[in-house]
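Residue numbering for the sequence shown follows numbering that gives the first Met the number 0, beginning at 0 and increasing consecutively.
Where a beta carbon is used, it is the ideal one built from N, C-alpha and C, also for glycine.
A quick write-up on the structure given underneath.
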Amino acid sequence: MLPLDRREFIAALGGTAAVGLMSHEARADALEDALLARTQGVMAAAQAVASAPAAAQPYPTVAELAAQVPDLPRRRGTGAIFFNSQAGGKLPLLPKMPAKPTLVDFFELRFQRTRNHCFQSAQLAMKNGADEQVILACLLHDTVQELMRSDHGYWGGQLYEHYVPERTAFAIRYHQALRFYPDEKVDYEMPDFYRRAFGIDYVPVPHVQRDYEMVRKHKWYDAPRAVTVNDLYAFDANAQVSIDPFVDIIGRHFKQPKEGLGNDNSPVAHMWRTLANPDAPL
Ligand SMILES: [Fe+2]
Ligand SMILES: [Fe+2]
Numbered sequence: 000m001l002p003l004d005r006r007e008f009i010a011a012l013g014g015t016a017a018v019g020l021m022s023h024e025a026r027a028d029a030l031e032d033a034l035l036a037r038t039q040g041v042m043a044a045a046q047a048v049a050s051a052p053a054a055a056q057p058y059p060t061v062a063e064l065a066a067q068v069p070d071l072p073r074r075r076g077t078g079a080i081f082f083n084s085q086a087g088g089k090l091p092l093l094p095k096m097p098a099k100p101t102l103v104d105f106f107e108l109r110f111q112r113t114r115n116h117c118f119q120s121a122q123l124a125m126k127n128g129a130d131e132q133v134i135l136a137c138l139l140h141d142t143v144q145e146l147m148r149s150d151h152g153y154w155g156g157q158l159y160e161h162y163v164p165e166r167t168a169f170a171i172r173y174h175q176a177l178r179f180y181p182d183e184k185v186d187y188e189m190p191d192f193y194r195r196a197f198g199i200d201y202v203p204v205p206h207v208q209r210d211y212e213m214v215r216k217h218k219w220y221d222a223p224r225a226v227t228v229n230d231l232y233a234f235d236a237n238a239q240v241s242i243d244p245f246v247d248i249i250g251r252h253f254k255q256p257k258e259g260l261g262n263d264n265s266p267v268a269h270m271w272r273t274l275a276n277p278d279a280p281l
């Protein structure tokens with residue numbers, strides 16, 4: 000992962016004194032927001048997030064992170080489309096979706112917070128010679144975080160399994176578990192970010208442990224592992240990546256329903272409808 004400029008970032012947040020008053024949770028939360036902002040080339044956006052990169056800060060413990068929950072403005076698992084950590088929390092009006100929305104429409108009109116990260120991940124996978132099923136997995140791997148962040152691999156696998164090859168859905172579902180486990184053979188180490196976000200003494204929960212044990216022996220292990228490997232370097236503020244290089248891959252491997260995503264009566268159509276209209280009251 001490309002490092003943020005720590006001095007520039009702390010200055011943007013009001014200096015070291017201001018940063019010193021921020022909680023570990025706020026720092027970890029903001030690191031993610033800052034990295035996402037960085038992918039869009041918007042360093043100024045970092046001013047509105049609640050924390051510093053905390054490169055020289057001690058890691059929080061699991062208990063410290065848990066104790067901060069009552070002070071949070073939202074649950075940690077809240078999907079990115081439901082809040083805005085910039086502009087004082089004000090929410091932008093969302094552009095209208097077409098009557099028969101396609102995956103590309105969702106990328107353009109709804110996946111504001113995740114698309115650049117996913118484009119860059121897919122671009123790196125392409126550069127590294129990954130096959131098209133894996134490139135597609137990288138392209139989609141975090142987009143469900145617009146809807147739900149907690150357990151996002153499983154939510155993502157569910158959201159896409161009706162539309163993509165089985166191996167692609169497998170890669171999306173299990174990249175979440177594999178990111179906690181190193182693999183020397185492919186030069187993968189757990190990113191520091193997870194120690195800050197989950198706590199230095201965090202032990203993966205039982206379903207993640209169980210699924211890691213299953214996936215590491217699975218014939219498709221390479222696919223979710225490739226998502227974690229290409230995830231590492233996916234943040235670059237200067238890179239301008241668009242969906243264009245991936246449109247043909249989507250056309251070949253994504254089963255776009257003719258009625259439009261959300262209108263297709265699939266078991267997950269409601270998830271697409273919620274993404275299309277997250278302002279619906281009930
Ligand atoms: Fe992810
Ligand atoms: Fe990612």
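Residue pairing by DSSP places Y187 opposite D182 in a beta bridge. Residue nearest to P164 within the set H252, D150, D186 and R209 is H252 (criterion: CA-CA distance). About 26 Å separates the CB atoms of V143 and G128; that is not less than 8 Å, and the two are not in contact.
K126: member of the alpha helix (DSSP H) spanning R114 to K126, first to last residue. When secondary structure is reduced to three states using DSSP, M96 falls in the coil class, being assigned neither helix nor strand.
For T273, the secondary structure class from DSSP, reduced to helix, strand or coil, is helix.
DSSP lists M147 as the beta-bridge partner residues of T77. Just so you know, the alpha carbons of K257 and E183 end up roughly 44 Å apart. The shortest C-alpha to C-alpha distance from P94 to any of Q85, E107, T101 and V103 is the one to E107.
For V103, the closest C-alpha among the options Q175, L135 and L64 is that of L135. Measuring C-alpha to C-alpha distances from H269 to each of Y159, Y180, W219 and P223 identifies Y159 as the nearest. Remark: the shortest separation between the CB of D141 and any heavy atom of ligand 1 falls under 6 Å. When secondary structure is reduced to three states using DSSP, Y162 falls in the coil class, being assigned neither helix nor strand. Take the alpha-carbon of K216 and the one of Q119: they are about 28 Å apart.
In this structure, V214 and L177 form a Cβ contact; the two beta carbons are roughly 6 Å apart against a cut-off of 8 Å.
Approximately 37 Å separates the beta-carbon atoms of T101 and Q208; this is outside 8 Å, ruling out the contact. Between the C-alpha atoms of P190 and R224 there is a straight-line separation of about 14 Å. When DSSP states are grouped into helix, strand and coil, L90 belongs to the coil group.
Under the three-state reduction of DSSP, R215 is assigned to helix. For Q175, the number of other beta carbons within 10 angstroms of its own is at least 16, and it is reported as buried. The alpha-carbon of V133 is positioned some 26 Å away from that of R272. If you draw a straight line from the Cα of Y162 to the Cα of F245, it comes to about 16 Å.
In this chain, the alpha helix (DSSP H) harbouring N229 covers D221 to D230.
Rounded to whole angstroms, the gap between the alpha carbons of A62 and P72 is 19 Å.
In this structure, ligand 2 has a non-hydrogen atom nearer than 6 Å to the beta-carbon of D230. Going by beta carbons, G152 and R172 fall inside the 7 Å limit.
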